[in-house]
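J.:
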Amino acid sequence: MSSVTVFASPRSWIESDAVDQCHQVAALDGMLHVAGMPDLHPGKGAPIGAAMASTVLYPHLVGSDIGCGIAVFPVSLKRAVPEQLARRFPDLDRPLDPDSLTPPGGYVESLGTVGRGNHFVELARVGTVLDADHALRLELGAGALVLIVHSGSRGFGERILRAHTEVHGAGPAADPAAYLAAHDDAVRWGSLNRRLIAERVLEALGARYEEPIVDQCHNLVELHDGVFLHRKGAAPGDGRDVLIAGTRGTNSYLVAAHAGPEANRSVAHGAGRKMSRADALRRGKAKHTVEELRRTPLGSIVVCGDRQLLFEEAPTAYKRIEQVIADLTDHGLATPIATTVPLVTYKTRGAARGRS
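Shown next as structure tokens:
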């Protein structure tokens, strides 16, 4: 059996089910090492917040949302009044007209949409600068505005995984090269989609589009020296800048990642859930009103027309982002650069339940 390391302190909330899933993955043929991040939590068939190195390629370890990631775009606006800007966000459930676009893999459905689940678009302000030199290289200072886009390949990745599981279930890829070709299209699609979403939002807000200063995918597989490195809810941590998302009502963190082989060159991608969606819905309805969840303690506004999603994605459903960042720092995996403070977080305009 391969080794398992969880990079979390005793103070961190790590469910035993998630650790059990890590050990189940470690028992797969060809598995070499499983690294659990401090945002580790149970997933469907595989842990979320884990990086898994193997000589065998397992598509189910990446999951259906291939190419999901977080991009950060600089924003130039003279004034940022959350109430006014929230009203100007476009409907990101409505796809763009694909006629003028040729996306990777030819997949034209859902272009320019953010999706449901934990996906979001957020206008935020840089809060505390924690590493002045690095923040300067990113041309970020306290008070600067950024747009954070968390989305993936939408139904494209799901189609790719389904084509595999209908034949092979949770088994390995029979033709790794063929899977990787489709997978790489989905990764490029996700990155393009984050840019399209940013263009839509920035145009609606009256700001000029600029290329992202960060764009890292956290659901993918990469080939390193003949080893397949699967990441499910884990961002590349080998010398790259990463936005580690908090919740709608807390800060997020920009970090400089420098994780080594013992962490499978990976870092956390967010705060990580501590409640299932069903638990969050049940407990949230007992503790919060819809109005409370649409205005956070930070004074930010949540644009979400789906009441159930509001409760499922309440800040209390997630782990403490400060503890996640502390664990990464204490284990030498990342250095915090700056915090970002939400102003407007977009989830969905409509109330229809949909697939994320």
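Counting with my numbering, you get residues 17 to 372 for the letters of the sequence shown. Where a beta carbon is used, it is the ideal one built from N, C-alpha and C, also for glycine. Just so we're clear, the structure is a prediction, and the values are computed from it rather than from any experiment.
#1: Applying the 10 Å Cβ sphere with the 16-neighbour rule, what's the burial state of residue 368?
#2: For residue 37, count neighbouring Cβ atoms within 10 angstroms of its own Cβ and tell me buried if that reaches 16, exposed if not.
#3: With DSSP as the reference, label residue 226 as helix, strand or coil.
#4: What does residue 180 pair with, by DSSP beta-bridge criteria?
#5: Leaving out five residues on either side along the sequence, give the residues of the same chain with a beta carbon under 6 Å from the beta carbon of residue 42.
#6: Provide the residue span of the alpha helix (DSSP H) that contains residue 141, from first to last.
#7: Quick one: using the 10 Å Cβ neighbour count with 16 as the cut-off for buried, is residue 120 buried or exposed?
#8: Please list, in chain order, all residues of the same chain as residue 337 whose beta carbon is under 6 Å from its beta carbon, the five residues on each side excluded.
#9: Identify the residues that DSSP records as bridge partners of residue 274: which are they?
#10: Which one of 206, 249 and 181 has the shortest CA to CA distance from residue 171?
#11: By Cβ distance, which residues of its chain are closer than 6 Å to residue 145, with the 5 residues on each side in sequence left out?
#12: How far does the beta strand (DSSP E) with residue 69 in it reach, from first residue to last?
#13: Residue 217 and residue 167 - do their beta-carbons sit closer together than 9 Å?
#14: Within 10 Å of its beta-carbon, does residue 329 have 16 or more other beta-carbons around it, so buried, or fewer, so exposed?
#15: Where residue 88 and residue 214 are concerned, what is the direct C-alpha to C-alpha distance, given to the nearest angstrom?
#16: What first and last residue would you give for the alpha helix (DSSP H) that runs through residue 169?
#17: Apply the 10 Å Cβ neighbour rule to residue 60 and answer buried if 16 or more other Cβ atoms are within range, or exposed otherwise.
#18: For residue 96, which residues of its own chain have a beta-carbon under 8 Å away from its beta-carbon, when the five flanking residues on both sides are left out?
#19: Output needed for residue 303: all residues of its chain with C-beta closer than 8 Å, excluding positions within five of it in sequence on either side, in chain order.
#20: Contact defined as beta carbons within less than 8 Å: I believe residue 56 pairs with residue 22. What is the distance between those atoms, to the nearest angstrom?
#21: In terms of residue numbering, what span does the beta strand (DSSP E) encompassing residue 85 cover?
#22: Could you check if residue 326 is buried or exposed, using at least 16 other CB atoms within 10 Å of its CB as the buried criterion?
#23: For the beta strand (DSSP E) holding residue 363, just list the boundary residues, first then last.
#24: What are the start and end residues of each continuous beta strand (DSSP E) run of 3 or more residues lying completely inside the region 21 to 58, in chain order?
#25: Just curious, the alpha helix (DSSP H) that residue 234 is in, first and last residue?
#26: How would you label residue 39, buried or exposed, when you count the other beta carbons within 10 angstroms and need 16 or more for buried?
#27: State yes or no: is the C-beta of residue 273 within less than 9 Å of the C-beta of residue 258?
#28: Should residue 211 and residue 227 be called a contact, given that it needs their Cβ atoms to be closer than 9 Å?
#29: Is residue 80 helix, strand or coil by DSSP?
#30: What span of residues does the alpha helix (DSSP H) with residue 284 cover, start to end?
#31: Within a Cβ cutoff of 6 Å, which residues of the same chain sit near residue 180, ignoring the five residues on either side of it in sequence?
#32: Taking one C-beta from the region 185 to 197 and one from the region 105 to 116 each time, how about it: are there three or more such pairs within less than 8 Å?
T.: Taking the structure as given:
#1: Unreliable placement is indicated for residue 368, whose pLDDT of 48 sits below 50; no coordinate value is reported for it.
#2: buried
#3: coil
#4: DSSP lists no partner for residue 180.
#5: 17, 18, 20 and 50
#6: Looking at the DSSP string, residue 141 is not in any alpha helix (DSSP H); the run it does join, the beta strand (DSSP E), is 136 to 145.
#7: buried
#8: 262, 266 and 287
#9: 254
#10: 206
#11: 151, 158 and 354
#12: 64 to 70
#13: no
#14: buried
#15: 9 Å
#16: No alpha helix (DSSP H) contains residue 169, which DSSP labels as neither H nor E.
#17: exposed
#18: 139, 141, 161 and 359
#19: 332
#20: 6 Å
#21: 85 to 91
#22: buried
#23: 350 to 364
#24: 47 to 57
#25: No alpha helix (DSSP H) contains residue 234, which DSSP labels as neither H nor E.
#26: exposed
#27: yes
#28: yes
#29: coil
#30: No alpha helix (DSSP H) contains residue 284, which is instead part of the beta strand (DSSP E) from 282 to 284.
#31: 75
#32: no
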